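What follows is a set of notes on a single structure, which appears directly below.
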Amino acid sequence: MSNESTTPTALAELHTRIIPILEESATPTKMWGVTLSTDKEDFHTKLILQKFLRGNKNDVAAAEKQFVETIKWRRGYFDADGKVLGTWDEKKFAGLGWITKEKIQSSDQEVVVTWNIYGAAKDFNETFGDVDEFIRWRVTLMERTVDLLELGSAKTPIPENGPDPYKAFQIHDYLQVSFLRSPPAVKAASKKAVDLFQNYYPECLDKKFFVNVPLLMGWMFSAMKMIINKDTFKKLYMLTYGASLAGELNSETVPEEYGGKGVKLSTKGMAIDLDGQLIQPELKEVESGDVGVAVATEAPSEEPAQVKEETEGPKVPEESGVAEEPQGVKESEDTEEQKETVGVGQTNEAGEAIKPATVAAPTTATTPATPTSSAAAPASSLAELPADKPSSPVEHETDVPPPVPAKNSGEQPQK
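Just so we're aligned: 107 in the numbering used here is position 107 of the sequence shown, and the numbers increase by one with no gaps anywhere.
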């Protein structure tokens with residue numbers, strides 16, 4: 001059965017099976033903004049359980065196992081108020097992770113987007129050296145992302161068959177990131193983040209875009225199929241130029257450095273504070289052609305770059321929204337002119353400098369400056385790297401469909 005369908009019988013059986021673990025706790029069990037109920041008719045509890053069923057292709061036993069493990073993990077990782085136990089150094093992760101809501105063109109739909117700006121990490125060893133600290137920060141960014149899906153106040157059900165409307169997009173920007181020199185700390189953080197998101201956040205990721213990835217680094221995308229679930233792999237997309245992202249998301253409100261008409265990511269993006277709460281930018285709406293553009297009266301200090309993810313190939317357990325780590329050390333190219341071109345330093349995981357896309361067009365020669373920080377980066381990024389050179393065919397396992405380049409990326413599908 002597809003992961004885009006569930007049956008009423010399976011949902012009712014799963015609900016019955018998870019009642020014991022909910023009754024174990026003297027206090028209500030909460031997940032993703034929903035207070036889980038033993039009442040089988042509870043609408044919002046059904047939404048959560050459907051995600052676990054879909055993530056396990058309607059296999060009740062597998063869904064129950066993953067649900068129980070998730071509840072146990074959450075009870076040991078979060079306090080009674082839902083805050084991650086422990087803290088982190090804000091300076092280490094400044095500019096590394098952002099969250100925005102983007103409007104889909106010609107519709108009233110808004111999508112939640114998490115931005116991972118790896119070029120913002122000036123020293124990968126310092127940023128990712130303490131893996132547990134990085135994971136606390138990255139999990140918190142993921143929690144706030146899922147909160148914005150508003151499952152706790154949702155009124156539209158997840159259909160028995162068809163797309164789940166409660167998923168987020170992830171952008172992984174590799175502008176000015178070297179893919180050849182990858183410190184062990186980055187790999188360790190990446191592996192742990194990927195494992196956590198795959199195991200504890202099923203069906204929370206819609207698509208994942210890898211942006212500003214050099215054409216020559218396509219081979220890394222092929223390697224991903226060896227460590228990523230086939231279903232998740234199909235959600236990954238690679239873009240050589242950041243400016244192509246607006247067209248792929250079909251949204252003009254995305255930051256200008258990604259081809260949209262919105263203000264820079266560092267201006268409109270929401271970050272998280274030490275209490276795990278979102279830092280809201282002060283924006284006002286102004287008219288710009290047919291699109292409402294946000295103008296900030298007060299903005300964060302960093303300017304992250306955008307990233308694109310999803311490829312038609314195997315799908316991975318959802319980091320589902322997994323945080324991803326670039327494998328490499330950021331190239332040292334930060335001129336004043338570059339910083340103005342791309343508010344956020346984006347880098348590539350390839351061992352070479354990425355050919356960045358300018359805000360105006362992917363063909364510009366201007367190289368964006370390296371940001372001072374990136375969105376929840378390395379942890380989950382490393383596990384999901386960009387695909388092989390679009391124009392170069394890549395050998396995929398017979399059971400793994402080849403990744404499909406984004407429609408506007410100008411790249412050829414791999415064979």
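Ideal placement from N, C-alpha and C gives every residue a C-beta, glycine not left out.
Only a predicted model underlies this, so the values are computations on that prediction, with no experimental measurement involved.
Given residue i as reference, the closest of the options once Cα atoms are compared
i: Val-263; options: Glu-252, Met-226, Ile-272; result: Glu-252
i: Asp-147; options: Ile-99, Lys-208, Ala-246; result: Ile-99
i: Glu-282; options: Gly-276, Ala-271, Asp-275; result: Ala-271
i: Asp-206; options: Thr-114, Lys-191, Met-226, Gln-176; result: Thr-114
i: Glu-133; options: Asp-89, Ile-158, Arg-144; result: Asp-89
i: Gly-129; options: Pro-183, Gln-109, Gln-170; result: Pro-183
i: Glu-126; options: Gly-152, Ile-117, Phe-93; result: Phe-93
i: Pro-214; options: Asp-195, Leu-175, Lys-235; result: Leu-175
i: Phe-43; options: Leu-149, Arg-144, Thr-156, Ala-26; result: Thr-156
i: Thr-267; options: Pro-255, Asp-275, Gly-276; result: Pro-255
i: Asn-116; options: Ser-107, Val-139, Ser-106; result: Val-139
i: Asp-195; options: Thr-9, Gln-66, Thr-7; result: Gln-66
i: Glu-150; options: Glu-110, Phe-233, Ser-25; result: Glu-110
N- and C-terminal bounds of the alpha helix (DSSP H) containing residue i
i: Met-142; result: 131 to 147
i: Phe-52; result: 43 to 55
i: Asp-231; result: 230 to 233
i: Phe-197; result: 184 to 200
i: Glu-24; result: 8 to 24
i: Glu-69; result: 60 to 77
i: Leu-239; result: Here Leu-239 belongs to no alpha helix (DSSP H); instead the beta strand (DSSP E) covers 236 to 239.
i: Leu-205; result: First-last for Leu-205: 205 to 211, but that is the beta strand (DSSP E), not the alpha helix (DSSP H).
i: Gly-247; result: 245 to 249
Supposed close pair residue i, residue j - CB separation, criterion 8 angstroms
i: Asn-161; j: Glu-4; result: 7 angstroms
i: Arg-75; j: Met-31; result: Not really, about 11 angstroms apart at Cβ, beyond 8 angstroms.
i: His-172; j: Phe-210; result: 5 angstroms
i: Val-60; j: Gly-119; result: Actually they do not touch by this definition, with Cβ atoms about 44 angstroms apart.
i: Asn-250; j: Ile-104; result: 6 angstroms
i: Val-122; j: Val-112; result: Inspection of the sequence shows that residue 122 is occupied by Lys rather than by Val. Not confirmed; about 28 angstroms, so no contact.
i: Leu-11; j: Lys-46; result: 6 angstroms
i: Phe-124; j: Ala-185; result: 7 angstroms
C-beta atoms of residue i and residue j nearer than 8 angstroms
i: Ala-188; j: Ile-135; result: no
i: His-15; j: Lys-40; result: yes
i: Tyr-241; j: Glu-248; result: no
i: Ala-246; j: Gly-269; result: no
i: Tyr-77; j: Val-68; result: no
i: Leu-141; j: Gly-95; result: no
i: Val-34; j: Ile-48; result: yes
i: Gly-55; j: Glu-203; result: yes
i: Ile-71; j: Thr-29; result: yes
i: Thr-27; j: Ala-80; result: yes
i: Arg-144; j: Leu-278; result: yes
i: Lys-235; j: Lys-208; result: yes
Residue i - containing beta strand (DSSP E), residue span
i: Val-177; result: Neither: Val-177 is in no beta strand (DSSP E) and is coded neither H nor E.
i: Trp-115; result: 110 to 117
i: Lys-92; result: First-last for Lys-92: 90 to 93, but that is the alpha helix (DSSP H), not the beta strand (DSSP E).
i: Thr-87; result: No beta strand (DSSP E) holds Thr-87; DSSP gives it neither H nor E.
i: Thr-127; result: Premise fails: Thr-127 lies in the alpha helix (DSSP H), 124 to 128, not in any beta strand (DSSP E).
i: Trp-32; result: No beta strand (DSSP E) contains Trp-32, which DSSP labels as neither H nor E.
Residues bridged to residue i (per DSSP)
i: Ile-272; result: Leu-278
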